[in-house]
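**Q**
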Amino acid sequence: MQTHWLVQKGHTRCLLFFAGWSMDPRPFQELDWGRRDVLLFYDYRDLTLPDLEIFSTRRSSTLSRNLELLAWSMGVWVAGHLLADIPLVTATALGGTCFPVDDRRGIPVRAWKASIRDFTPAYPEQFHRQMFDDQAQCDRFLAARPGRTGSSLHGELTRLDRSVSDLGPAPDIYTRRIITTRDRIFPPRNQVRAWRRGTATSIKLPHFPFYAPDSRPRFWENNTPVSGPPPVRAYRS
Numbered sequence: 009m010q011t012h013w014l015v016q017k018g019h020t021r022c023l024l025f026f027a028g029w030s031m032d033p034r035p036f037q038e039l040d041w042g043r044r045d046v047l048l049f050y051d052y053r054d055l056t057l058p059d060l061e062i063f064s065t066r067r068s069s070t071l072s073r074n075l076e077l078l079a080w081s082m083g084v085w086v087a088g089h090l091l092a093d094i095p096l097v098t099a100t101a102l103g104g105t106c107f108p109v110d111d112r113r114g115i116p117v118r119a120w121k122a123s124i125r126d127f128t129p130a131y132p133e134q135f136h137r138q139m140f141d142d143q144a145q146c147d148r149f150l151a152a153r154p155g156r157t158g159s160s161l162h163g164e165l166t167r168l169d170r171s172v173s174d175l176g177p178a179p180d181i182y183t184r185r186i187i188t189t190r191d192r193i194f195p196p197r198n199q200v201r202a203w204r205r206g207t208a209t210s211i212k213l214p215h216f217p218f219y220a221p222d223s224r225p226r227f228w229e230n231n232t233p234v235s236g237p238p239p240v241r242a243y244r245s
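Residue numbers (the numbering used here): 9 to 245.
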């Protein structure tokens, strides 16, 4: 696992941001994170959680600050397993579930296995394009796409596959669960099934929602309500 400070200014609030498969800092560098430090976690070829105390600032220890969690995509499962004993002020799950490879509550098994079996150098871009339903947002991402190698991305997939099989579903540590209803990676119906009825909120956004206008108050400003309709109840299980 790798980490990178997206914001490091000694704020009293520190957001632990667990990203999804294939990511690195580049797509998130220009986002407005508000008045908080932001520590990005990515590259899940190694699922060992770093000692958070090594990320302390001169002003304060990381663990003594108000820690917030934003877990997105595969990061929902990773953070659920790794942060169960970490004191968090808020914990938001976004566009992912605690059952990441599951025909009814995550990415369908057949699609997941095919991504590993049929992986080619062209696959990451195909996947990244699927994360969007807006061409301008997709183009913005591709202009700042992660700079990782194909071998590292395939290695991350295979390691996640083994880990999901070995560890099983993640604990639900989340205080807020957000369903991305235009998602083509984690099917929205499966996201709904994964969370207890009435505990999740929907937003009409694709899998990668970070470039949508006014997206910050929706899911990483934890002191404001999540925008969008009431909790989803429409999908049949």
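By construction, the Cβ of each residue, glycine as well, lies at the ideal position given by its N, Cα and C atoms.
(1) Whose C-beta lies closer than 8 Å to the C-beta of N74 among residues of the same chain, with five residues either side of it excluded?
(2) What number of angstroms, rounded off, separates the C-alpha of S2 from the C-alpha of G155?
(3) Excluding the 5 residues flanking A92 on each side, which residues of the same chain have their C-beta closer than 7 Å to its C-beta?
(4) Measure the beta-carbon distance from F194 to H215 and round it to whole angstroms, keeping in mind my assumption that it falls under 8 Å.
(5) Looking at the secondary structure, which residues open and close the alpha helix (DSSP H) in which E164 lies?
(6) With a threshold of 16 other CB atoms inside 10 Å of the CB of T166, please say whether the residue is buried or exposed.
(7) Using DSSP with H/G/I as helix, E/B as strand and the rest coil, what is S210?
(8) Do you know how far the Cα of T189 is from the Cα of A27?
(9) So what does DSSP say about A202, is it helix, strand or coil?
(10) Here's the rule: buried if 16 or more other CB atoms are within 10 angstroms of the residue's CB, otherwise exposed. What is G158?
(11) Are G104 and V117 close, meaning C-beta to C-beta below 8 Å?
(12) Pull the bridge partners of D45 from the DSSP assignment, please.
(13) Whole angstroms are fine: how far does the CA of Q145 sit from the CA of D135?
(14) For a quick check, are the C-beta atoms of L78 and L102 less than 8 Å apart?
(15) May I ask you to report which of helix, strand or coil DSSP gives R184?
(16) Taking the alpha helix (DSSP H) that L90 falls in, what are its first and last residues?
**A** Quick answer:
(1) Looking up residue 74 in the sequence shown gives position 66. Here the set comprises T20, R21, C22, V97.
(2) Beyond the ends of the chain as shown, which are 9 and 245, falls residue 2; an answer cannot be given.
(3) Looking up residue 92 in the sequence shown gives position 84. These residues qualify, in order along the chain: P179, I181.
(4) The residue given as residue 194 occupies position 186 in the sequence shown. The residue given as residue 215 occupies position 207 in the sequence shown. At roughly 7 Å, the Cβ-Cβ gap stays under 8 Å, so F194 and H215 are in contact.
(5) On the sequence shown, position 156 is the one that residue 164 refers to. Where E164 is concerned, the enclosing alpha helix (DSSP H) stretches over 158 to 175.
(6) Residue 166 sits at position 158 when you count from the first residue of the sequence shown. Counting Cβ neighbours within 10 Å, T166 comes out exposed, since fewer than 16 surround it.
(7) Along the sequence shown, one-based indexing puts residue 210 at 202. It is a strand residue.
(8) Counting from one through the sequence shown, the residue named residue 27 turns up at place 19. Counting from one through the sequence shown, the residue named residue 189 turns up at place 181. Using only the alpha carbons, I get a separation of about 19 Å.
(9) Walking along the sequence shown from the start, residue 202 turns up at place 194. Of the three classes helix, strand and coil, the one that applies to A202 here is helix, per DSSP.
(10) Within the sequence shown, residue 158 is the residue found at index 150, counting from 1. Burial call: exposed.
(11) Along the sequence shown, read from residue 1 onward, the residue named residue 104 stands at position 96. Along the sequence shown, read from residue 1 onward, the residue named residue 117 stands at position 109. Contact: no.
(12) For the purposes of this step, residue 45 is identified with residue 37 of the sequence shown, where counting begins at 1. For D45, which the question treats as bridged, DSSP gives the partners C22.
(13) Within the sequence shown, the letter at position 127 stands for residue 135. Within the sequence shown, the letter at position 137 stands for residue 145. According to the sequence shown, residue 135 is Phe rather than Asp. Whole-angstrom Cα-Cα distance: 14 Å.
(14) Taking the sequence shown and counting its residues from 1, the one referred to as residue 78 is at position 70. Taking the sequence shown and counting its residues from 1, the one referred to as residue 102 is at position 94. Cβ atoms of L78 and L102: closer than 8 Å.
(15) As a working note, residue 184 is residue 176 in the sequence shown. Note: R184 maps to strand in three-state DSSP.
(16) Here residue 90 refers to the residue found at position 82 when the sequence shown is read from its first residue. Here the alpha helix (DSSP H) through L90 covers 82 to 90.
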